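Take the sequence shown: its letter number 60 is residue 60 in our numbering, and every next letter is one higher.
Since the structure comes first, as structure tokens, the remarks are kept for the end.
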Amino acid sequence: MKISIDREKCTACGRCVEVCAVNFAEGADGKPAVSDPPGPCVLCGHCMAVCPVDAITHTGLAGLRFDLCAKKPSYGELMALLTSRRSRREFTKKPLTEAEIEALLSAAAQAPNGLNKRNVRYTVVTDPKILKELSLAIGKQTGWLADKLDSPVWRGLFKLLWGRQIKEFEPLLPLLKPMASETLKGNDMVLYKAPCAILIHTSKHDPCGAEDAVYCGANILLAAEAMGLGACVIGFLTEPINSDRGLRKLVGLPRDHKIRTSIIVGRPRFAYTHGVLRPAPKPERIRVQT
Ligand SMILES: Cc1cc2nc3c(=O)[nH]c(=O)nc-3n(C[C@H](O)[C@H](O)[C@H](O)COP(=O)(O)O)c2cc1C
Numbered sequence: 001m002k003i004s005i006d007r008e009k010c011t012a013c014g015r016c017v018e019v020c021a022v023n024f025a026e027g028a029d030g031k032p033a034v035s036d037p038p039g040p041c042v043l044c045g046h047c048m049a050v051c052p053v054d055a056i057t058h059t060g061l062a063g064l065r066f067d068l069c070a071k072k073p074s075y076g077e078l079m080a081l082l083t084s085r086r087s088r089r090e091f092t093k094k095p096l097t098e099a100e101i102e103a104l105l106s107a108a109a110q111a112p113n114g115l116n117k118r119n120v121r122y123t124v125v126t127d128p129k130i131l132k133e134l135s136l137a138i139g140k141q142t143g144w145l146a147d148k149l150d151s152p153v154w155r156g157l158f159k160l161l162w163g164r165q166i167k168e169f170e171p172l173l174p175l176l177k178p179m180a181s182e183t184l185k186g187n188d189m190v191l192y193k194a195p196c197a198i199l200i201h202t203s204k205h206d207p208c209g210a211e212d213a214v215y216c217g218a219n220i221l222l223a224a225e226a227m228g229l230g231a232c233v234i235g236f237l238t239e240p241i242n243s244d245r246g247l248r249k250l251v252g253l254p255r256d257h258k259i260r261t262s263i264i265v266g267r268p269r270f271a272y273t274h275g276v277l278r279p280a281p282k283p284e285r286i287r288v289q290t
């Protein structure tokens, strides 16, 4: 990895030193210089992105494009997207194109990432047979669980096995039975007959893996909305696949990986006419006593 600064182009603005004091310092001629020896670099690209005169080259970043920033949406424009995004569960049968899937994953790749490890992986399921198999298997598992949870004996056993987790399940209980029975009847309430499911996963041992994946997923939800597609997070997909050897194999999940969030995407059958502006939460402030 080699970083260099074109001294002719450099205007000594010092921004590279401000954004990366690890690899840049003020040089003898008053212009920034690359630290010698260079420090650890996470390849974030900030040095090249901030340089107004393209004076910096970095061999570790050779594969990336550094385009001039496009005009950013205003707060109002961004809020229009955020308030009009809905979890969509009503899709046409038309599959997504490869270009659409690539565009969604490109949006995901722009998310912030702990230590910039670029560790998040995506399993994109578009095979209708596999999608159906997933829905039916999860419908069956859910029906089994819902039946068992009706019995105090089984509830007691699950409490012993899962501890607090069973409490977290409780709000879901009224949903489980109808979800399972409808799905098994062919009214898919797991994947809603979406033509595409994106499983977002990282290593089980990655300390930032859960957050990394969720930020990528959030970008996918917004990109889908901006592209006129519809998307929905499907929590019912994530843990059932993680904890079932057969389903892990069905989707080819690597052995040491864990799905952190799952999203279905498709073409909505109709548009929503209204957004939902939820009130801003009141922040909790800590007062320092003087
Ligand atoms: C962690 C998480 C899990 C979710 N799981 C499901 C799910 O399994 N099935 C489903 O239909 N919707 C699921 N949703 C979508 C929520 O129901 C939806 O976001 C919420 O009702 C608010 O609606 P909105 O997204 O349209 O604003 C999930 C959302 C999140 C964030």
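Glycine residues also receive a C-beta, built at the ideal position from the N, C-alpha and C atoms.
In this text the structure is predicted, and so the values were computed from the model without any measurement.
For residue i: DSSP bridge partner residues
| i | result |
| --- | --- |
| L199 | T123, S262 |
| A33 | A25 |
| F91 | P268 |
| I138 | DSSP output for I138 lists no bridge partner at all. |
| I5 | I56 |
Residue i - containing alpha helix (DSSP H), residue span
| i | result |
| --- | --- |
| H58 | That residue, H58, is in no alpha helix (DSSP H); its beta strand (DSSP E) goes 56 to 58. |
| I166 | 165 to 169 |
| K193 | First-last for K193: undefined, no H or E at that position. |
| K159 | 152 to 162 |
| G76 | 75 to 84 |
| H274 | That residue, H274, is in no alpha helix (DSSP H); it is neither H nor E in DSSP. |
| V17 | 15 to 19 |
| A49 | 46 to 50 |
CB contact flag (residue i, residue j, <7 Å)
| i | j | result |
| --- | --- | --- |
| N119 | D206 | yes |
| K23 | P37 | In the sequence as displayed, the identity of residue 23 is Asn instead of Lys. The answer is no: Cβ separation not under 7 Å. |
| A213 | I198 | no |
| K9 | A80 | no |
| T142 | M179 | yes |
| L115 | V42 | yes |
| C216 | A111 | yes |
| K94 | R267 | yes |
| R269 | T92 | yes |
| I263 | A218 | no |
| L82 | A223 | no |
| S151 | T183 | no |
| G275 | S4 | no |
| R15 | V50 | yes |
| K2 | T59 | yes |
| A146 | K177 | yes |
| I101 | V125 | no |
| L96 | C196 | yes |
| K258 | K204 | yes |
| A25 | S35 | yes |
Heavy atom of ligand 3 within 6 Å of residue i beta-carbon
| i | result |
| --- | --- |
| C216 | Of the ligands this structure carries, namely ligand 1, none is ligand 3. |
Start and end residues, beta strand (DSSP E) containing residue i
| i | result |
| --- | --- |
| I101 | Element bounds for I101: not the beta strand (DSSP E) but the alpha helix (DSSP H), 98 to 108. |
| S181 | S181 -> not in any beta strand (DSSP E); alpha helix (DSSP H) instead, spanning 173 to 185. |
Fully enclosed by the region 218 to 265, which beta strand (DSSP E) runs are 3 residues long or longer?
List check, beta strand (DSSP E) in window: 230 to 233.
Within the chosen definition, does the region 228 to 239 reach the region 186 to 195 through at least 3 CB pairs nearer than 8 Å?
As far as the Cβ criterion goes, the region 228 to 239 touches the region 186 to 195, which means the pair count is three or higher.
Count the CB pairs spanning the region 70 to 89 and the region 247 to 254 that are closer than 8 Å, and state whether there are at least three.
no
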